[in-house]
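With mature numbering (1 follows the signal peptide of the UniProt record, and there is no 0) applied, the sequence shown covers -26 to -1, 1 to 255. One structure is given here, and the rest of the page talks about it.
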Amino acid sequence: MKRTRRLAVSVLVCLSVAAAALTASAAASIKVYRNGTEVVTEASPRFVEGQVMIPLSLAGELFDQDMDYDSVQRVLNVDSRTGEIAKSADGKLAVTGTAALNGMWDDLMLRSGDRVVGVPGKTLGPDSPYPPEFASAPLTGGPAADIVILLTQGYGTGLYVNEAFVYTAELEPVALEDALVSMRKQTRAGFRADGSVFVETGGQFTAIAAQRLLTDRGNPGAAPTFGGVVRYAVEDGRLTATAGVQVGSSEFIGDLKLVYTYANGVLQAGAPRFTAYEEYR
């Protein structure tokens, strides 16, 4: 009898341990891999009553869909996150992509008729103030004008950054030197002992008196900087890049600007020139 009671107790303990292990396993987070790469999100899948339950945000990311649950109407809305972002004025060019959860669009494609080519980088979407822009200019000297795509990555107070990508009329990508890298290599800027600021680039030296600066002279920062505001554009048939030169945390004193020329299969950045804003001259 004692032996039977011991056996019953042992079985009960085993069942309790098994149940606890099953509960712990169900409560533990489940890792998700997409094409062999782990997907990390704030909310992870859970094992509930024999089924794997996936949060809507994660499901949307995995299947490239926007998923939203209306608790009042008890309706789950599923919308495609892939679509057209912008179209050229003549309707011949279009940029498509996939909306990311952070509001940016990636997996970009440039379409021209039946031809499609991938566009690297990310951009703000069609509902933003700065969707992709199109321009054309004979940048490479070919028989047809080249295509320029301008993508904006961010904007705000003291911030505006866009990026240019160039393609031939046949959608062949054209190599483009980085404007900021070129500017940093060719530009020297700093403060002088009297508090004035100087910018030297391309053999040009510009000084701005301390009295013209609004930034606290006792805490002007280590040196003038640039890169927070970068604008690519097509002007008079040429590709240009402009970067605002900043003093302190929020004072912009002028622009560095360079012009691209095509040589040896590359759009090469020319020597930058600095132009102070009117109030600093």
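Virtual Cβ for every residue (Gly too), placed ideally from N, Cα, C.
Assign residue i to buried or exposed, taking buried as 16 or more other Cβ atoms, counted over all protein chains shown, within 10 Å of its Cβ.
i, result
"Y234", "buried"
"A(-3)", "Residue placement at A(-3) is flagged as unreliable, the pLDDT there being 45, under the threshold of 50; a coordinate-derived value is accordingly withheld."
"Y43", "exposed"
"E137", "buried"
"P198", "buried"
"A63", "exposed"
"G34", "buried"
"P246", "buried"
"I123", "buried"
"L50", "exposed"
"T11", "exposed"
"I4", "exposed"
"A196", "exposed"
"A(-6)", "Note that A(-6) scores 42 on pLDDT, short of 50, meaning its location in the model is unreliable; the coordinates nonetheless yield the value given after this. When all chains shown are included, A(-6) counts as exposed."
"A(-1)", "Unreliable positioning characterises A(-1) in this predicted model, as indicated by a pLDDT of 48, which lies under 50. The coordinate reading is nonetheless provided below. That one is exposed."
"V208", "buried"
Can you give me the Cβ contacts of residue i inside the same chain, cut-off strictly under 7 Å, excluding the 5 residues immediately before and after it?
i, result
"Y236", "L113, T114 and G115"
"G244", "L232, V233, Y234 and T235"
"T142", "T114, G116, D120 and V148"
"F200", "M157, A217, G218, V219, Q220 and L230"
"T180", "F172, V173, F248 and A250"
"S86", "K66, L67 and L145"
"V26", "I4 and P19"
Leaving out the 5 sequence neighbours to the left and right, which residues in its chain are closer than 6 Å to residue i when beta-carbon positions are compared?
i, result
"T216", "R205, D229 and K231"
"D81", "G71 and T72"
"A60", "V69, P105 and P106"
Could you spell out the range, first to last residue, of the beta strand (DSSP E) harbouring residue i?
i, result
"Q39", "Q39 to D44"
"A237", "E225 to A237"
"G132", "Unbroken run through G132: none, as it is neither H nor E."
"A184", "Taken as a continuous stretch (DSSP letters only), A184 belongs to no beta strand (DSSP E), as it is neither H nor E."
"A143", "Looking at the DSSP string, A143 is not in any beta strand (DSSP E), and its letter there is neither H nor E."
"E209", "T199 to E209"
"A111", "E107 to A111"
"K61", "T56 to K61"
"E253", "Careful: E253 lies outside any beta strand (DSSP E) and carries neither H nor E."
"residue 306", "Because the chain here runs from -26 to 255, residue 306 falls outside it and cannot be looked at."
"A167", "Per DSSP, A167 belongs to no beta strand (DSSP E) and is neither H nor E."
"T20", "The amino acid occupying residue 20 in the given sequence is Arg; Thr does not appear at that position. From DSSP, the beta strand (DSSP E) with R20 extends over R20 to V22."
"R212", "R212 to V221"
"Q25", "Q25 to M27"
Mind reading off the beta-carbon distance from residue i to residue j? Whole number of angstroms is fine, and I expect it under 8 Å.
i, j, result
"V90", "F139", "Not a contact, Cβ separation roughly 14 Å."
"G95", "G202", "Not quite, the Cβ-Cβ distance comes to about 18 Å (not below 8 Å), so this is no contact."
"L150", "L241", "5 Å"
Keeping to the same chain, check which residues put their C-beta closer than 8 Å to that of residue i; ignore five residues upstream and five downstream.
i, result
"L36", "V6, R8, V13 and I28"
"D88", "none"
"E253", "R186"
"Q39", "A33, V52, D53, S54 and R55"
"K159", "none"
"Q127", "M78, G95, K96, T97, L98, V135, N136 and E137"
"G164", "V171, F172, A197 and P198"
"A17", "P29, S31 and L32"
"F226", "G132, V203, G218, V219, Q220 and Y251"
Where do the ends of the alpha helix (DSSP H) carrying residue i lie?
i, result
"A153", "A153 to Q160"
When you compare the CB of residue i with every CB in chain B, is at least one pair closer than 9 Å?
i, result
"A183", "No chain B is part of this structure, which consists of one protein chain only."
**Request:** Could you tell me whether the stretch 49 to 56 touches the stretch 70 to 77, using the rule of 3 or more Cβ pairs below 8 Å?
**Result:** These segments touch.
**Asked** Can at least three beta-carbon pairs, one atom from the stretch 104 to 112 and one from the stretch 182 to 190, be found at a separation below 8 Å?
**Response** No: fewer than three Cβ pairs fall under 8 Å.
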